[in-house]
Ligand code: SF4
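Protein chains in written order, with the working numbering: chain A, 1 to 210; chain B, 211 to 702.
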């Protein structure tokens with residue numbers, strides 16, 4: 001007997017006398033917590049991102065190139081990884097060398113790059129979370145992991161939802177997803193929170209209107 | 211379960227060490243109280259908490275009722291998405307599968323993200339026996355591994371180590387495992403975290419095989435979910451070419467939508483955050499992004515035996531948030547090591563004796579490692595009635611009776627007169643005679659009060675006149691038994 005058959009057989013025997021469970025799960029919990037207009041939802045996102053130590057900036061689409069230029073310069077970045085289809089105008093004012101992520105580039109190559117700039121799939125206001133789904137304006141997962149500085153651009157209010165249930169509705173489970181709520185952190189040493197362990201130690205989120 | 215902790219002293223003997231170690235007690239107290247208070251605030255932010263908790267319980271109960279169906283579905287979905295599914299009836303088989311998969315890659319080292327399932331199977335030791343070195347990459351697990359130690363808390367496995375001890379371990383051991391600790395390393399948490407970052411980075415960047423567990427797997431889509439804080443999980447899940455995930459069969463949820471419940475309750479219950487820093491979700495393999503090869507090892511190892519127990523099966527709802535540890539007066543005093551397994555605290559007291567059986571002294575004593583105060587039930591985000599299961603398992607230890615072991619129906623003998631019984635009674639006495647534990651235990655809710663035995667079962671009766679138990683009124687065991695069983699039947 002294969003282990004598959006053995007395990008399934010044990011499960012079936014264990015459940016032999018258990019009555020059927022036909023009732024659907026009652027989903028009477030809230031779809032979102034509190035009522036907010038679109039602007040208030042964006043405010044909440046900004047507040048919760050900052051609460052978990054992401055650095056939040058706000059600007060219009062026209063200001064975005066300059067903001068990104070300033071952020072990379074302020075971080076002292078000489079090089080920046082660019083996802084395959086980042087809107088070209090975003091980085092038009094940036095001085096840092098653009099590094100394109102290629103299939104052949106190794107983690108060590110990425111480790112030598114200072115920053116990465118991406119878009120996102122959705123942002124969750126109640127939890128202060130941005131979600132990446134590997135779309136062409138975000139690139140594969142490693143480019144937002146190995147460099148030490150991640151700048152993520154969120155279009156507001158379109159890409160912002162209030163809650164986790166609303167975010168899941170918008171996401172495609174087939175895509176590789178990364179939910180990011182502030183920079184990496186650990187509380188493993190006497191429960192003192194230390195920001196920045198293995199992921200990017202600096203997370204900046206730019207909320208762009210228009 | 212693995213033999214790692216076999217030969218463990220029973221609960222009260224192991225607990226004694228912790229009670230007499232002031233550093234450990236101080237660390238534990240500080241840690242559990244800090245998380246406990248923060249958690250209460252994080253939970254209070256959601257005014258539908260009770261409904262989320264009920265939905266979580268229902269989703270898990272429904273999944274367990276149709277576990278065979280959902281297992282087959284997850285297998286289909288993962289396979290369709292490019293993964294390969296393996297089935298392991300026990301720890302040894304799981305370790306064998308993983309070792310063979312690693313060997314097939316030609317690699318002799320792997321990076322691991324914290325996984326309770328692989329601790330349960332003793333995977334690291336099994337790999338080492340095959341000449342494969344497994345590097346733990348979670349900071350706390352790293353501290354534990356470098357210190358030649360065992361984890362003591364689900365969420366904060368190195369809770370028993372303070373910063374000075376961690377610095378000393380890093381200084382003396384890091385060089386043995388790879389990049390040594392930086393010169394002049396001090397004991398500030400930020401510097402220690404930086405030392406870990408540097409030490410592990412070279413390992414992540416060159417790793418070709420990653421090993422993980424998963425917090426959830428979604429049957430309808432084949433998606434696996436790992437919830438973490440440090441980014442070591444992301445490193446292990448995305449940089450290697452081969453990913454092997456060892457996941458207990460109870461980790462399934464039926465639908466994508468079900469995650470909306472647990473992604474709200476788990477972070478708030480465990481780290482007391484609105485959301486943990488990183489959550490990774492992947493479905494099979496993705497061209498050009500992440501591992502090219504993905505293996506899922508579905509682990510039984512006593513879970514189906516647990517499933518066969520009408521009262522005990524609710525333990526399989528556990529999402530390993532560790533909230534029950536942080537509120538437990540017995541855990542706070544005894545420390546995680548006293549539980550003799552990778553699952554400490556109240557959940558360990560009901561899970562280990564079910565996964566492993568109650569044959570050994572440690573496992574027979576675990577159901578007694580509690581004052582039945584009910585705080586664990588109150589905080590549990592999937593409403594596991596831990597006191598109910600404890601009472602049920604005590605009945606099994608004392609009276610024996612039918613059970614399922616490794617898929618076979620057996621009739622357990624009563625522990626009467628055996629070493630196991632003596633261990634159990636000592637554990638009961640331990641829990642009852644620690645004034646702090648008892649005091650906390652007396653702040654009972656009316657709900658759990660009826661499950662609270664006022665005297666000790668079996669030979670414990672003989673102690674009721676002793677000075678150790680002044681507050682325990684004499685009540686014949688028979689009466690106590692009757693009363694608690696009635697309580698149990700009335701509870702559901
Ligand atoms: S038993 Fe409940 S509270 Fe304890 S770890 Fe499991 S889910 Fe959390």
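Where is the CB? At the ideal position from N, CA and C, for every residue including glycine. Values in this document were obtained by computation on a predicted structure and should not be read as measured data.
Residue i burial status per 10 Å Cβ neighbour count (16 or more: buried)
| i | result |
| --- | --- |
| residue 542 of chain B | buried |
| residue 497 of chain B | exposed |
| residue 100 of chain A | exposed |
| residue 26 of chain A | exposed |
| residue 570 of chain B | buried |
| residue 677 of chain B | For residue 677 of chain B, the predicted model reports a pLDDT of 25, less than 50, meaning its position is unreliable; a value from the coordinates is still stated below. It is exposed - the Cβ of residue 677 of chain B has fewer than 16 other Cβ atoms within 10 Å. |
| residue 108 of chain A | exposed |
| residue 413 of chain B | buried |
| residue 255 of chain B | exposed |
| residue 393 of chain B | exposed |
| residue 324 of chain B | buried |
| residue 405 of chain B | buried |
| residue 230 of chain B | exposed |
| residue 106 of chain A | exposed |
| residue 425 of chain B | buried |
| residue 12 of chain A | exposed |
| residue 73 of chain A | exposed |
| residue 151 of chain A | buried |
| residue 2 of chain A | exposed |
| residue 348 of chain B | buried |
| residue 24 of chain A | exposed |
| residue 370 of chain B | buried |
| residue 382 of chain B | exposed |
| residue 92 of chain A | exposed |
Chain B contact residues for residue i, given Cβ-Cβ distances below 8 Å
| i | result |
| --- | --- |
| residue 185 of chain A | 439, 440 and 487 |
| residue 190 of chain A | 237, 240, 241, 372, 373 and 399 |
| residue 33 of chain A | 255, 256, 257 and 258 |
| residue 111 of chain A | 411 and 415 |
| residue 180 of chain A | 487 and 488 |
Cβ-heavy atom distance, residue i to ligand 1, below 7 Å
| i | result |
| --- | --- |
| residue 591 of chain B | yes |
| residue 530 of chain B | yes |
| residue 424 of chain B | no |
| residue 533 of chain B | yes |
| residue 539 of chain B | no |
| residue 551 of chain B | no |
| residue 583 of chain B | no |
| residue 556 of chain B | yes |
| residue 580 of chain B | no |
| residue 269 of chain B | no |
| residue 479 of chain B | yes |
| residue 586 of chain B | yes |
| residue 342 of chain B | no |
| residue 369 of chain B | no |
| residue 594 of chain B | yes |
Proximal residues of chain A, C-beta to C-beta of residue i below 9 Å
| i | result |
| --- | --- |
| residue 707 of chain B | Coverage of chain B is limited to positions 211 through 702, which leaves residue 707 of chain B absent and any answer about it impossible. |
| residue 303 of chain B | 3 |
Sheet register partners of residue i (DSSP bridge)
| i | result |
| --- | --- |
| residue 115 of chain A | A/80 and A/149 |
| residue 615 of chain B | B/618 |
| residue 489 of chain B | A/179 and B/437 |
| residue 98 of chain A | A/80 |
| residue 458 of chain B | B/509 |
| residue 504 of chain B | B/453 |
Partner residues on chain B for residue i, Cβ-Cβ distance less than 7 Å
| i | result |
| --- | --- |
| residue 164 of chain A | 470, 473 and 474 |
| residue 25 of chain A | 265, 268, 269 and 272 |
Residue i: contacting residues in chain A (beta-carbon distance under 7 Å)
| i | result |
| --- | --- |
| residue 384 of chain B | Result: empty, since nearest Cβ-Cβ is about 15 Å, beyond 7 Å. |
| residue 499 of chain B | 134, 140, 141 and 176 |
| residue 299 of chain B | 3, 6 and 7 |
Where residue i meets chain A, residues with beta-carbon distance less than 8 Å
| i | result |
| --- | --- |
| residue 186 of chain B | Residue 186 of chain B lies beyond the residue range present for chain B, which begins at 211 and ends at 702; the question has no answer from this structure. |
| residue 278 of chain B | 8, 11, 12 and 15 |
Under 9 Å from the C-beta of residue i: neighbouring residues of chain B
| i | result |
| --- | --- |
| residue 108 of chain A | 415 and 416 |
Counting only runs of 4+ residues fully inside the stretch 275 to 304 of chain B, write out the alpha helix (DSSP H) ranges in chain order.
-> 277 to 290
Those runs of the beta strand (DSSP E) which lie wholly inside the stretch 124 to 198 of chain A and span at least 3 residues | 129 to 132, 149 to 156 and 177 to 180
At what residue ranges does the stretch 31 to 86 of chain A contain a whole run of the beta strand (DSSP E), taking only runs of 3 or more?
-> Within the stretch 31 to 86 of chain A, the beta strand (DSSP E) runs of at least 3 residues that lie entirely inside it are, in chain order, 55 to 60 and 79 to 82.
Can you check the stretch 315 to 350 of chain B for any beta strand (DSSP E) of at least 3 residues that lies completely inside it and give the ranges in chain order?
-> Correct list: 319 to 322 and 343 to 346.
Would you mind listing the alpha helix (DSSP H) stretches within the stretch 515 to 603 of chain B that are 4+ residues and don't spill past its ends, in chain order?
-> 533 to 536, 539 to 544, 555 to 566, 571 to 575 and 585 to 589
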